[in-house]
Amino acid sequence: MTEPEYIPADSDPASRRTDPARNLAVVVYILQALSFFVGGVTGLVGVIINYVKLDDVRNTWVERHFRWQIRTFWIGLLWTVIGIVTTPLIIGWFILLGISIWIIYRIVKGALALNDGKAPS
133 MTEPEYIPAD SDPASRRTDP ARNLAVVVYI LQALSFFVGG VTGLVGVIIN
183 YVKLDDVRNT WVERHFRWQI RTFWIGLLWT VIGIVTTPLI IGWFILLGIS
233 IWIIYRIVKG ALALNDGKAP S
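Offset between the sequence shown (1-based) and the numbering used here: plus 132.
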């Protein structure tokens with residue numbers, strides 16, 4: 133297995149667009165966005181891709197995106213389960229609305245940062 137190319141943080145963001153790991157992060161952001169329409173299955177596929185390829189992107193600028201995506205998935209799953217369990221108490225609907233907005237925010241913010249060749253913050 134080849135070592136991933138390390139691109140310093142101060143490198144030109146336009147040169148980062150040719151990084152193959154970047155394309156994989158784009159795919160995972162798309163899968164996360166699609167999970168709203170297919171019941172979360174594509175989000176699960178995306179996080180599996182993140183875990184499988186995490187060693188390949190270690191110490192590169194894309195690693196931060198992979199960790200961002202993994203964190204988004206697990207926190208989203210936790211609060212979705214809490215929201216579903218508490219829907220009979222009405223508060224669950226507000227939790228589900230809030231976590232949906234938060235997940236959309238994280239996907240958009242991460243994808244925009246990826247497009248700019250930067251790490252999400």
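For each residue, glycine too, the CB sits at the ideal point set by N, CA and C. These numbers come from a predicted model, not from an experiment.
Check: Over what stretch of residues does the alpha helix (DSSP H) that includes T212 continue unbroken?; Outcome: E195 to V217
Check: Tell me, to the nearest whole angstrom, how far the beta carbon of T204 is from that of L228; I am working on the premise that it is less than 8 Å.; Outcome: Rounded, the Cβ-Cβ distance is 16 Å, inconsistent with contact.
Check: Taking buried to mean at least 16 other C-beta atoms within 10 Å of its own C-beta, is V196 buried or exposed?; Outcome: Going by the sequence as given, residue 196 is Arg instead of Val. Burial call: buried.
Check: Locate the alpha helix (DSSP H) running through A245, then write down its first and last residues.; Outcome: I223 to N247
Check: Let me check understanding here. Comparing Cα to Cα, which of Q164, F169, V170 and V217 lies closest to I180?; Outcome: Q164
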